[in-house]
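Participant: Per the working numbering, the very first residue in the first sequence carries number 24; after that it's consecutive. In this text, a Cβ means the ideal position worked out from N, Cα and C, and glycines have one as well. Everything numeric in this text was worked out from a predicted model, so none of it was measured.
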Amino acid sequence: MKLATWNVNSLTVRIGQVEDWIKKAQPDLLLLQETKQENIKFPHDAISALGYKSIHNGQKTYNGVAIISKYELLDVQHNMPNFEDEQKRLIAATIDTEHGKIRIVCVYVPNGQSVGSDKYHYKLDWLKHFTSWLKNEMLSFTDIIIAGDFNIAPQDIDCHDPEAWKDNVLVSAKEREAFQSILALGLLDSFRATNPEEIQYSWWDYRMAGFRRNHGMRIDHILTNKQIIGKTTLTSIDKEPRKSERPSDHTPVIIEI
DNA sequence: ATGGCGTGGTAGCCACGA
Numbered sequence: 024m025k026l027a028t029w030n031v032n033s034l035t036v037r038i039g040q041v042e043d044w045i046k047k048a049q050p051d052l053l054l055l056q057e058t059k060q061e062n063i064k065f066p067h068d069a070i071s072a073l074g075y076k077s078i079h080n081g082q083k084t085y086n087g088v089a090i091i092s093k094y095e096l097l098d099v100q101h102n103m104p105n106f107e108d109e110q111k112r113l114i115a116a117t118i119d120t121e122h123g124k125i126r127i128v129c130v131y132v133p134n135g136q137s138v139g140s141d142k143y144h145y146k147l148d149w150l151k152h153f154t155s156w157l158k159n160e161m162l163s164f165t166d167i168i169i170a171g172d173f174n175i176a177p178q179d180i181d182c183h184d185p186e187a188w189k190d191n192v193l194v195s196a197k198e199r200e201a202f203q204s205i206l207a208l209g210l211l212d213s214f215r216a217t218n219p220e221e222i223q224y225s226w227w228d229y230r231m232a233g234f235r236r237n238h239g240m241r242i243d244h245i246l247t248n249k250q251i252i253g254k255t256t257l258t259s260i261d262k263e264p265r266k267s268e269r270p271s272d273h274t275p276v277i278i279e280i
């Protein structure tokens, strides 16, 4: 099974690139973030034409998450029941695979803007409730994959310039602690678990020729329980979409089981 | 590096992203 996560920064703009990537990469599941469109606008027909089911939890202008899947999507959850939130940042479903039932969670963690800001506190609060919801979710599901844009670079090697970014949003100690608290539920960062030393990024700033100079961060992650890591054959980051005309600033992160 | 870009609103040279 091949699963990918991709923050597309507007599905309206990126739908052609998403279709092209699906045809080329042939994932069984593709989790999207920042669709920036209402549910009524989601291109279910285009996705269906490629042979996939799709579910979407979206809103106008901001946020929005979707799961595109070869498998039937069961027990669909929109947002966390323990956290009142206008912002559409989570969608989850269960799939029945050759490896058994797996709970799939697609997240778009708040950006946090800057350390100490209201948005930063909202990010930490969101993560606290997410961790508590996830802990409960893991009582019901043995196999679970949580993938999306976490807006956290877990370690210094996940940031192109740790000195310049020191104590900044995306790398601050509290954000990294929140990320570790999620892993402490019994999960692994699949890319790092299988590539302990490798430096690869999933996001590059549009400004300052960020991609050309490889000024990036690894902030998009696929977390799984340890049993799934045991069955994982490959984790990778596909930089190709970031090279195209009018790219998203993020690129797909992939796991193969 | 502190902004230079990109997207999507709306009529604010706006908000937001990371």
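Measure the C-alpha to C-alpha separation of Leu34 and Thr58 and round it to an integer number of angstroms.
Facilitator: Position 11 of the first sequence holds residue 34. Position 35 of the first sequence holds residue 58. Each residue's Cα considered, the two are about 5 Å apart.
Participant: Assuming Leu246 and Leu210 are in contact, meaning their beta carbons sit under 8 Å apart, how far apart are those beta carbons, in whole angstroms?
Facilitator: Translated into positions along the first sequence, residue 246 becomes position 223. Translated into positions along the first sequence, residue 210 becomes position 187. That pair is a contact at about 4 Å.
Participant: Would the stretch 104-111 count as touching the stretch 150-164 if we require 3 or more Cβ pairs under 8 Å?
Facilitator: Output reads yes: the stretch 150-164 touches the stretch 104-111.
Participant: Per DSSP, which one or two residues make a beta bridge with His144?
Facilitator: As a position in the first sequence, residue 144 is number 121, starting the count at 1. Bridge partners of His144: none, in fact.
Participant: In its own chain, which residues sit with a C-beta less than 6 Å from the C-beta of Pro66, not counting the 5 before and 5 after it?
Facilitator: Within the first sequence, the letter at position 43 stands for residue 66. Excluding positions up to five away in sequence, the list reads Ile38.
Participant: Compute the beta-carbon to beta-carbon distance between Asn134 and Asn174, rounded to the nearest angstrom, for a pair I have assumed lies under 8 Å.
Facilitator: Your numbering for residue 134 matches position 111 in the first sequence. Your numbering for residue 174 matches position 151 in the first sequence. About 5 Å; that satisfies the 8 Å criterion.
Participant: For Lys197 and Leu147, what's the separation of their Cα atoms in angstroms?
Facilitator: On the first sequence, position 174 is the one that residue 197 refers to. On the first sequence, position 124 is the one that residue 147 refers to. Cα-Cα distance, rounded: 8 Å.
Participant: Identify, in the order they occur along the chain, each residue of the same chain with its Cβ nearer than 8 Å to the Cβ of Met231, setting aside the five sequence neighbours on each side.
Facilitator: As a working mapping, residue 231 is identified with position 208 in the first sequence. Within the same chain, Met231 has close Cβ partners His238.
Participant: Taking Cβ to Cβ, would you say Leu52 is nearer than 9 Å to Ile118?
Facilitator: Start at 1 with the first residue of the first sequence, and residue 52 comes out as number 29. Start at 1 with the first residue of the first sequence, and residue 118 comes out as number 95. Yes, Cβ-Cβ distance for Leu52 and Ile118 is below 9 Å.
Participant: Identify whether Asp272 lies in helix, strand or coil by the three-state DSSP scheme.
Facilitator: Against the first sequence, residue 272 aligns to sequence position 249. Here Asp272 sits in coil by DSSP.
Participant: Please report the distance separating the alpha-carbon of Gln49 from that of Lys25.
Facilitator: Locating residue 49 in the first sequence gives position 26, counting from the first residue. Locating residue 25 in the first sequence gives position 2, counting from the first residue. Rounded to whole angstroms, Gln49 to Lys25 spans 8 Å at the Cα level.
Participant: Are the beta-carbon atoms of Cys182 and Val192 separated by less than 9 Å?
Facilitator: Taking the first sequence and counting its residues from 1, the one referred to as residue 182 is at position 159. Taking the first sequence and counting its residues from 1, the one referred to as residue 192 is at position 169. Contact: no.
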